[in-house]
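The structure under discussion appears below in the form of structure tokens.
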Amino acid sequence: MAHPKRKISKTRRDKRRTHYKLTAPGLAQCPTTGEFHLPHRAFWLDGKLYYRGQVIMEKEVLA
């Protein structure tokens with residue numbers, strides 16, 4: 282098996298890892314409700330499912 286000839290310093294290791302960072306997800310705003318949500322996805326608000334500014338379905342109330 283291959284082994285490194287010399288120890289890689291912390292600085293050199295960390296320079297390589299500088300590109301590993303989290304990015305915040307892009308959010309879209311609903312034109313009807315003004316709610317922020319993930320783009321191209323439906324979202325629930327007050328018991329209603331919205332997609333592209335329109336109500337797709339309402340939550341059923343179990344009796």
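Add 281 to the 1-based position in the sequence shown for my numbering, that's all there is to it.
Backbone N, C-alpha and C define an ideal beta-carbon position, used for all residues, glycine too.
Of the residues the options, the one placed nearest residue i, counting alpha carbons only
i: D327; options: H321, I337 and P320; result: I337
i: Q335; options: V342, P285 and W325; result: W325
i: G315; options: Y331, K302, T304 and A305; result: Y331
i: T313; options: K296, K329 and T299; result: K329
Test item: CB-CB of residue i and residue j under 8 Å
i: L308; j: H318; result: yes
Residue interval of the alpha helix (DSSP H) (run including residue i)
i: K291; result: K291 to R297
Limits of the unbroken beta strand (DSSP E) element including residue i
i: V336; result: Q335 to E339
i: Y331; result: K329 to Y332
i: L326; result: F324 to L326
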